[in-house]
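Engineer: First residue of the sequence shown? That's 843 in the numbering used here, and the numbers climb one at a time after it.
All C-beta atoms in this analysis are idealised placements derived from N, C-alpha and C, irrespective of residue type, glycine included.
Nothing here was measured: the structure is a model prediction, and the numbers come from that model.
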Amino acid sequence: MLPLEGYLNGASASEWWVIWGAIGLFAPLFWWIFHLSRARSAIPLAAMTVLGAVFTPLNPHACLFFAYAGGTVGFLGRPSWSLAALAIIAAAIGIETLVFDLSVGFWASTTLFTVIFGGYCIHWSETNKTNEQLRRKQSEIERLAKIAERERIARDLHDLLGHTLSVSVLKARLAAKLIRRDPDAAQQEVEEIERISRGALEQVREAVQGYRSAGFIEELENARLALDTAGITSHFKIEDDAAKAPSQIAHTLAMALREAITNVIRHARCTRCEVELANADGAVVLKVDDDGIGGTFVEGAGLSGMRERVESLGGSMQLEGISGASIRVRLPIIAGPKEHHRPLRPRRGVAHVIRVLIAEDQGMLLSTLGTLLDLEDDLEVVALAKDGREALELARTTTPDIVLTDIEMPELTGIELAQHIRDEQLAIRVIMVTTFARAGYLRRALDAGARGYLLKDSPGDVLPNAIRTVHAGGAPSTRPLPRRRGANPTRSPIANGRC
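(1) What does DSSP give as the partner residue(s) for K1129 in the beta ladder?
(2) Under the rule that 16 or more other beta-carbon atoms within 10 Å means buried, what is S922, buried or exposed?
(3) Using only alpha-carbon positions, find the residue among T939, V1117 and S1168 that is nearest to F1139.
(4) Please return the same chain residues whose Cβ sits closer than 6 Å to the Cβ of I861, not counting the five positions on each side in sequence.
(5) With DSSP as the reference, identify every bridge partner of S1076, one or two as the case may be.
(6) When burial is assigned at 16 or more other CB atoms within 10 Å of the CB, is Y910 buried or exposed?
(7) Contact check, G1166 vs C1112 under 8 Å by CB: the rounded distance?
(8) Out of A1201, L1155, F907 and E1218, point me to the one whose CA is closest to P1252's CA.
(9) Just grab the DSSP bridge partners of I1244 for me.
(10) Could you tell me which of M1097, P1242 and G863 sits nearest to N1064, measuring between CA atoms?
(11) What is the DSSP secondary structure of V1223, reduced to helix, strand or coil?
(12) Does DSSP put G1294 in a helix, in a strand, or in coil?
(13) Roughly how far, in whole angstroms, is the beta-carbon of R913 from the beta-carbon of G960, given that I think they are within contact range, below 8 Å?
(14) Excluding five sequence neighbours on each side, which residues of the same chain lie with their C-beta closer than 8 Å to the C-beta of L1020?
(15) Can you tell me where the alpha helix (DSSP H) holding S1209 begins and where it ends?
(16) Report yes or no: do the region 892-911 and the region 935-954 share at least 3 C-beta pairs separated by less than 8 Å?
(17) Could you tell me the distance, in whole angstroms, from the CA atom of A1290 to the CA atom of A1260?
(18) Give the straight-line distance between the Cα atoms of G916 and L986, rounded to the nearest whole angstrom.
(19) In terms of residues, what are the limits of the beta strand (DSSP E) holding M1159?
(20) Let me know the beta strand (DSSP E) ranges lying completely inside the region 903-960, each 3 residues or longer, listed in chain order.
(21) Where does the unbroken alpha helix (DSSP H) through I1249 begin, and where does it stop?
(22) Tell me T1276's beta-bridge partners as DSSP assigns them.
(23) Could you tell me if G1157 is buried or exposed, where buried requires 16 or more neighbouring beta carbons within 10 angstroms of its beta carbon?
(24) If V1245 sits next to L1296, beta carbons under 8 Å apart, how far is it from one beta carbon to the other, in whole angstroms?
(25) What residue does the alpha helix (DSSP H) around G1315 start on, and which one ends it?
(26) Could you give the residue range of the alpha helix (DSSP H) that holds E1081?
(27) Quick check on G1144: does DSSP put it in helix, strand or coil?
(28) Does the Cβ-Cβ distance between R997 and G1147 come in under 8 Å?
(29) Just to confirm before moving on: does the CB-CB distance between V1224 and T1240 stay below 8 Å?
(30) Just how far apart, CA to CA, sit T1210 and L1007?
(31) Determine the DSSP secondary structure at H877, reduced to helix, strand or coil.
(32) For a test of the three-state rule: what should DSSP assign to E1253, helix, strand or coil?
(33) Measuring only the C-alpha atoms, how far is E938 from L976?
(34) Are there 16 or more other CB atoms within 10 angstroms of the CB of N1105, so buried, or fewer, so exposed?
(35) Among the residues of its own chain, which have a CB less than 6 Å from the CB of L1095, if the five just before and after it don't count?
(36) Please go through the same chain and pick out, in chain order, the residues whose beta-carbon is closer than 8 Å to the beta-carbon of L1234, but skip the five residues on each side of it.
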């Protein structure tokens, strides 16, 4: 190629116009290619290649247009497209050399620089795409980690506080009603509230700290007491070294033991339960076996939450139901009897007594609700049920006027219970009581035939008054649910007593 200085020094006015015209066409094309996406980049890239082909016979230094075109092939996005474009540019250089009888040195140097620039641009483009993908994946991991942490906190709050606070509110209401009728019983309820509140406060402290220092030992005693209360013979085999596991593992074992014992009491229908904790091959293994009905496990929120906690620590959980039920939790060391019919108490000065059946799977909450409503002169709690199927059987035999039921229960949910009562055309009206007013569940409950819903911590006489209102044909006065899209804003299924 001719030296640039020599060419410029001897250039005529027309040649200068050609030079500046080529540069004037090239500059916007080169700027434009940085502002286009992928396939559209082919337009300025092809135009730069054409500039090189047109102006190279007039000025050999115009071969730089080929090099610049090769240096932008990476903007096409896909490596296959970029390599194909680079091959087309190299072929254009070869054709240009043959047609205009240019030197071999021109062809070799122009092709070499074009390929080098093109290869670097493709590598740079792919590196940028990889880095962008890594940034997106990192952002997604951080987002999922935040979601998982929120779900963990929500599970712990539900497990630790939801039930406890509901019981405390009901017991406080019960104590207020008993304080004049039976001061000694009221005093016992107040002391029970204090005990429950202190336990809840301690659980909150431990949850904030992220671990429980003596949680597993305490949970063992709670499990022993719960099994004895339920009339189930228990046998515990605990190795001292295993019980002294690191705090995070001990916390997870405590939560797993609580859920396992809860399932034994609620579902197993057993007479004996064995709990074993031992070290095995660098891990601590918790086993909970019973001689109950066994069968296929359907993992609800409790078991699935337990599995998530265990697997988050690198452990495993196995469920078997061949001969009784068996739960095995392995973590690597790096870290009451059912009450059916209630005795009736005499009612004086009441023309009509409303018969109420209560269905609730939490034993303490069930008994507190029963005692609280039984203090009303015109309300009579005729039966208590700890699951939906038992509630349906009692509804058929005790003929209550009102069924007061939780939504989430074993065997049959409160929604399914309401559907059965409606389908069997039983002359019973259903009210849902819940700790958390989740709109989706509550709408399904209303569609299933429930008259309305109440929160378990509703103040004062809201619950007994709601029972009286529903018995009279109305609906409990509660805050409206969020409306469905397209719903009539003037009508509420709760406020209008829809069933």
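Structural biologist: Walking through what the data contain:
(1) Note: K1129 sits in a beta bridge opposite E1118 and R1170.
(2) Under the 10 Å beta carbon count, S922 is surrounded by fewer than 16 other beta carbons and is classified as exposed.
(3) Considering only alpha carbons, the answer is S1168.
(4) Taken in chain order, the list of residues that qualify is empty.
(5) In the DSSP output, where bridge partners are listed per residue, S1076 has C1115.
(6) Per the 10 Å Cβ criterion, buried.
(7) The pair is a contact, with the Cβ atoms about 6 Å apart (cut-off 8 Å).
(8) Cα-wise, what sits closest to P1252 is A1201.
(9) DSSP lists V1198 and R1271 as partners of I1244.
(10) Closest by alpha carbon: M1097.
(11) Correct three-state label for V1223: strand.
(12) Correct three-state label for G1294: strand.
(13) Before going further, note that residue 913 is Gly rather than Arg in the sequence given. Rounded, the Cβ-Cβ distance is 6 Å, consistent with contact.
(14) Cβ within range, chain order: A1027, A1028, E1031 and L1217.
(15) For S1209, the uninterrupted alpha helix (DSSP H) run begins and ends at G1205 to D1216, by DSSP.
(16) Enough Cβ pairs lie closer than 8 Å, so yes.
(17) Distance between the alpha carbons of A1290 and A1260: 6 Å.
(18) Distance between G916 and L986, taken at the CA atoms: about 33 Å.
(19) Bounds of the beta strand (DSSP E) holding M1159 are S1158 to E1162.
(20) Within the region 903-960, no complete beta strand (DSSP E) run reaches 3 residues.
(21) No alpha helix (DSSP H) holds I1249; DSSP gives it neither H nor E.
(22) According to DSSP, T1276 bridges with L1297.
(23) With 16 or more neighbouring CB atoms inside 10 Å of its own CB, G1157 falls in the buried class.
(24) Rounded to the nearest angstrom, the Cβ distance from V1245 to L1296 is 13 Å, too far for a contact under 8 Å.
(25) Element bounds for G1315: n/a, residue is neither H nor E.
(26) Run containing E1081: none; DSSP gives neither H nor E here.
(27) Three-state result, G1144: helix.
(28) Yes, the pair counts as a contact, with Cβ atoms nearer than the cut-off.
(29) Against a cut-off of 8 Å, the Cβ pair of T1240 and V1224 comes out as a contact.
(30) In a straight line, the C-alpha of T1210 is about 13 Å away from that of L1007.
(31) Of the three classes helix, strand and coil, the one that applies to H877 here is coil, per DSSP.
(32) Coil.
(33) Rounded to whole angstroms, the separation of the alpha carbons of L976 and E938 is 42 Å.
(34) With 16 or more other Cβ atoms within 10 Å, it is buried.
(35) The residues are F1058 and L1128.
(36) Within the same chain, L1254, L1259, H1262 and I1263 come within 8 Å of L1234 by CB-CB distance, once the 5 residues on both sides are set aside.
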